[in-house]
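Chains as they are written, first to last, in numbering that gives the first Met the number 0: chain A, 0 to 516; chain B, 0 to 348.
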Amino acid sequence: MPDQTPFLHISKITKKFGSVFACDSVTLQLQQGEILALLGENGAGKTTLMNILFGHYVADSGSISIGGKELTPGSPRRALKVGLGMVHQHFSLADNMSVLDNITLGTESMFGLWRKSGEARQKINKLINTYELDVDPRSIVKNLSVGQRQRVEILKALYRDSRILILDEPTAVLTPQEAEHLFATLRLLVDKGLAIIFITHKLREVMAVSDRCLVLRHGKVSYESRTRDTDVDTLAREMVGGEVPVVEQLPTSPGKKVLSLEGVGVKNSDGYSLLHDVSLELRGGEIIGIAGVSGNGQSHLADLISGLLSADKGSFELLGEAVVSPTPMGMLKRGVGRIPEDRTGTGLVGDMNVQENLILENYWTKKVSHFGLLKADFMRKNAKDIMEQYDVRCGGEDLPVRLMSGGNMQKLILGRVLSEEPSVIMANQPTWGLDVGAAAFVHSRLIRASRDGVGIIIISEDLDELFKVADVIQVMYKGTLSPPVRPADTDAREMGLAMSGHLEVFASTVAEAHHEA
Amino acid sequence: MRLEPREHSSLLLRAVVPFGSAVVALLACSVLILWADASPVQAFFLFIKGSVGSKFALSETLARTIPLIFTGLAVAVAFKAKLWNIGAEGQLYGGACMATWLGTGMIDLPGWLMLPLLFAAGALLGGLLLLGPTLLKTWLAVDEVVTTLLLNFIILLFVNYLVFGPWKDPMAMGWPQAAPMVDTALLSTLLAKTRLHMGLIWAFGASVLLWLFMRFTTWGYQIRAVGYNAGASRFAGIPVNPVVVRTALISGGLAGCAGVSELCGLKGYLTLDLSPGFGYSGIVVAMLAGLHPLGVVVAAFFVAMLSIGADSMSRALNISNYIADVATAVSLLAVLVSMLLVRYRIRWK
């Protein structure tokens with residue numbers, strides 16, 4: 000069916016920011032009826048390319064044509080008009096309005112007195128039937144599941160007569176089952192003649208859904224292939240630009256209990272329950288992975304163990320002692336290292352330099368200050384040591400950390416935590432947004448620390464990550480934590496069920512896992 | 000049009016650009032001078048002559064610099080912690096009241112003890128005056144810009160009541176002023192036959208001390224961390240609210256010192272014209288200095304020069320001395336824009 004002239008033709012797009020090429024002569028072709036997977040690490044230029052496509056940026060050179068007609072650069076309005084539609088990773092829906100209202104929002108004439116909701120409803124129903132997008136136009140968005148909300152976003156784009164649909168990391172918020180559902184929808188959409196660009200970094204999904212794939216690296220197209228002619232390893236190598244670092248798995252021998260939560264519940268100041276029933280038991284030398292779709296209470300669990308929230312029911316013990324009213328300082332003093340989710344917001348002070356950021360959690364100790372005076376020699380040496388040991392590559396210890404890359408920032412935080420020799424580490428999304436090399440570094444250091452006897456909790460939305468590093472996985476759903484399960488005893492399908500609320504799927508495997516541990 | 004952060008800007012650039020742009024702003028003010036039918040060249044000559052052109056002019060400018068250093072430091076330290084203290088004017092009067100209360104006969108100690116005591120007492124009241132708004136901010140999230148600003152008027156009216164009422168000096172022939180300070184409470188002159196007094200040394204000492212404090216102590220480190228990123232500070236276990244309260248005491252205290260030094264060094268008795276808005280000018284000074292304690296000294300001198308020079312110029316040329324206010328405002332705007340441009344560059348499209 001696809002004809003020879005490409006429907007979307009991005010030709011030699013180049014865009015420079017300062018001296019850095021965000022896009023360097025990128026050429027991309029897309030036929031109708033085709034799903035193209037766009038791959039690349041953070042900073043490879045995917046976002047910039049899409050911003051140029053949608054007219055938010057103007058390319059320094061190059062051109063874009065759609066259906067044989069040149070696209071006016073720098074005009075978001077034109078881009079929408081010719082049929083480009085985007086489904087963002089973070090939805091832009093009004094929670095308190097109906098699906099119908101959300102879809103038609105912004106499409107009606109500003110001067111019309113009456114809404115043409117009859118026509119709109121007809122059109123939407125037709126779209127729902129044609130593309131099997133199972134959602135009721137009358138329901139209120141806040142009552143919908145994440146998967147359904149994503150369908151509303153797709154409907155929004157289709158309602159505006161999009162012919163090219165771009166999905167940015169669409170599976171990040173979905174359970175594996177919901178992702179399968181999405182893939183089926185996408186196949187149906189291209190069968191009816193749409194063209195789809197699917198932005199992702201999950202290679203298994205590329206293989207599962209795309210017809211063709213294109214890898215961006217440092218702003219250049221580094222690899223292009225039909226999906227059936229390639230494999231996961233090749234794609235990974237092309238993304239990283241070399242061999243993919245292997246995280247060494249070391250044998251585990253869990254020691255004594257370092258942290259335990261039993262039936263813990265947490266309420267916020269308005270009495271709203273954030274965590275209902277959380278039980279976990281962490282031993283030294285063990286890594287517990289907390290899985291779950293984002294927003295199910297994982298961050299509250301992290302805050303609880305970091306000392307920012309306190310439990311109002313259940314018991315919380317650390318190294319055999321009850322934790323009564325936790326504070327960040329108290330937790331630090333008791334040997335809890337914390338790697339926060341938001342590196343720039345809570346992990347580091349961007350306007351302070353490397354030396355100053357590294358003493359943020361221990362500036363009050365004898366080794367860093369004396370009679371309230373900071374020890375400048377110690378600070379400099381400490382910074383140099385940590386930068387060397389944790390492979391932080393940047394302009395030196397006097398550089399404000401806001402100028403550093405995400406990977407270097409995370410290595411600094413990791414160094415700050417590990418150099419204090421904690422007995423427990425609470426790592427919330429430790430590799431979020433990192434490139435493969437930095438992520439592997441973080442993983443291997445955490446594994447090494449755990450094998451030296453540290454008990455580690457890793458919260459992640461990326462199941463692959465947890466299967467790679469965790470000894471035991473627990474799933475969080477609406478503030479409740481499932482029993483632990485060993486990665487070897489489960490699979491993605493079961494995890495998906497648990498992540499969508501069927502926590503009981505692990506009940507049978509629990510006992511065995513625990514006995515063996 | 001977009002602003003793009005610059006990856007690197009040198010310290011020299013950051014130090015030179017603000018003052019360069021202030022000079023440019025002054026040149027822009029020549030339009031007003033032309034409008035007032037005067038020659039800008041002559042005006043600037045008179046301006047320089049009147050502010051730094053003679054021993055007397057320089058001494059006047061330096062005397063004016065003293066309170067501006069104190070209030071500039073007060074604002075700088077508070078702003079560094081993102082505590083928006085607009086109340087330095089009131090805290091200044093608070094410090095002066097405390098010194099008047101103690102130093103007009105209540106106690107009499109030798110000078111080497113008396114002055115430190117008055118400064119300490121003045122700083123204490125200045126600090127306490129900022130404590131209220133700060134506690135409201137930390138407990139109830141009441142906006143301190145509003146409370147500190149409005150507190151200025153309350154304090155000023157209270158001083159009004161004092162100098163018209165209970166503290167009115169019967170020997171002052173009906174003028175609303177308090178009794179003169181005892182001799183041991185006066186700061187000695189630094190330069191014979193001028194009004195320049197020892198307060199300059201106190202102010203300079205305060206700025207050096209504050210710089211060392213911010214740079215090398217854990218308390219200063221906490222203030223900077225809290226100001227730059229309160230969320231990260233809280234996460235790291237820094238007691239954010241106590242740090243802000245401590246900063247308030249330091250800030251208010253420094254503003255109180257401005258009042259004590261004006262009272263004991265220049266005026267000798269409490270009146271309602273003790274400060275022509277030094278508290279507010281302190282904000283300008285602190286911003287010009289980029290909140291750097293040593294920069295405050297230079298910025299305070301610059302602002303003092305503007306007002307003394309413009310006074311002298313306007314007298315000589317018979318044009319309104321409001322030109323000084325305009326010049327100060329325009330140069331502040333120019334400096335703020337230039338500092339933005341040091342951190343960011345403009346990209347068209």
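Each residue gets a CB set at the ideal place from its N, CA and C atoms; glycine is no exception.
| Check | Outcome |
| --- | --- |
| Check the Cβ-Cβ distances between Gly131 of chain B and every residue of chain A, and say whether any is below 8 Å. | no |
| Going along the chain, which residues of its own chain have a beta-carbon closer than 8 Å to the beta-carbon of Lys467 of chain A, five neighbours each way excluded? | Val246 and His442 |
| List the residues of chain B that Thr345 of chain A touches, going by C-beta distances under 7 Å, in chain order. | Gly230, Ala231 and Phe234 |
| So which of A:Tyr362, A:Val335, A:Leu187 and A:Met494 has the shortest CA-CA distance to Pro175 of chain A? | A:Met494 |
| If you measure between the beta carbons of Leu316 of chain B and Ala56 of chain B, is that distance less than 8 Å? | no |
| Which same chain residues end up closer than 7 Å to Lys383 of chain A when comparing Cβ atoms and leaving out the 5 residues on each side of it in sequence? | Glu396 |
| Taking Cβ positions only, does Ala224 of chain B come closer than 8 Å to chain A? | yes |
| Could you pull out every residue in the same chain whose Cβ sits closer than 8 Å to the Cβ of His514 of chain A, ignoring the five residues on either side in sequence? | Note that His514 of chain A scores 46 on pLDDT, short of 50, meaning its location in the model is unreliable; the coordinates nonetheless yield the value given after this. Cβ neighbours of His514 of chain A beyond the five flanking positions: none. |
| On the CB-based measure, 16 or more other CB atoms within 10 Å of its CB, does Asp413 of chain A come out buried or exposed? | Looking at the sequence itself, residue 413 of chain A is Leu, so the reference to Asp does not match. Counting Cβ neighbours within 10 Å, Leu413 of chain A comes out buried, since at least 16 surround it. |
| Counting only Cβ pairs nearer than 8 Å, list the residues of chain B close to Trp363 of chain A. | Thr217 |
| Mind listing the chain A neighbours of Tyr227 of chain B? Cutoff is C-beta to C-beta under 8 Å, in chain order. | Val348, Gly349, Asp350 and Met351 |
| Just checking: is the beta-carbon of Thr4 of chain A within a distance shorter than 8 Å of some beta-carbon in chain B? | no |
| Hey, does Tyr343 of chain B have any beta-carbon neighbour from chain A nearer than 8 Å? | no |
| Going straight from the alpha carbon of Phe20 of chain A to that of Arg344 of chain B, what length do you get? | 18 Å |
| In this structure, how does DSSP classify Gly131 of chain B when only helix, strand and coil are distinguished? | helix |
| For Met498 of chain A and Ala36 of chain A, I'd like the C-alpha separation in whole angstroms. | 26 Å |
| Please list the residues of the segment 308-329 of chain A that have a C-beta atom closer than 9 Å to any C-beta atom in chain B, keeping them in chain order. | Thr326, Pro327, Met328 and Gly329 |
| Less than 8 Å between CB atoms is the rule here; does Glu419 of chain A satisfy it with respect to chain B? | no |
| How would you label Val30 of chain B, buried or exposed, when you count the other beta carbons within 10 angstroms and need 16 or more for buried? | exposed |
| Can you give the Cα-Cα distance for Pro244 of chain A and Arg236 of chain A, rounded to whole angstroms? | 10 Å |
| CB-CB under 6 Å to Glu316 of chain A, same chain, minus the five flanking residues each way: which ones, in chain order? | Ser259 |
| So the alpha helix (DSSP H) Ser60 of chain A belongs to, where does it begin and stop? | Ser60 of chain A -> not in any alpha helix (DSSP H); beta strand (DSSP E) instead, spanning Ser60 to Ile65. |
| Is the segment 247-266 of chain A close to the segment 225-235 of chain A, with three or more CB pairs under 8 Å? | no |
| Thinking C-beta only, is Gly93 of chain B closer than 8 Å to Gly125 of chain B? | yes |
| For chain A, check one thing: does any of its Cβ atoms lie closer than 8 Å to the Cβ of Tyr268 of chain B? | no |
| Measuring only between beta-carbons, confirm whether Tyr279 of chain B sits less than 8 Å from chain A. | no |
| Keeping to the same chain, check which residues put their C-beta closer than 6 Å to that of Tyr158 of chain A; ignore five residues upstream and five downstream. | Ile102 |
| Considering only their Cβ atoms, is the gap separating Ile318 of chain B from Ala37 of chain B smaller than 8 Å? | yes |
| So what does DSSP say about Asn57 of chain A, is it helix, strand or coil? | A quick correction: the sequence has Val, not Asn, at residue 57 of chain A. If DSSP states are grouped into helix, strand and coil, Val57 of chain A belongs with coil. |
| Name, in chain order, the residues that DSSP records as bridge partners for Asn427 of chain A. | A:Ile458 |
| When burial is assigned at 16 or more other CB atoms within 10 Å of the CB, is Tyr350 of chain B buried or exposed? | Any question about residue 350 of chain B goes unanswered here, given that chain B covers just 0 to 348. |
| Identify which residue in A:Glu355, A:Gly394 and A:Gly240 has its Cα closest to the Cα of Asp376 of chain A. | A:Glu355 |
| Against chain B, with Cβ distances strictly below 8 Å, would Asp339 of chain A count as a contact? | For clarity, residue 339 of chain A is Pro in the given sequence; the question names Asp instead. Yes, its Cβ sits closer than 8 Å to a Cβ of chain B. |
| Interface residues of chain B around Gly371 of chain A at Cβ under 7 Å? | Thr216, Thr217 and Trp218 |
| CA-CA distance, Gly102 of chain B and Ala184 of chain B? | 6 Å |
| Using a C-beta to C-beta distance shorter than 7 Å, which residues of chain B count as neighbours of Ser368 of chain A? | Thr217 |
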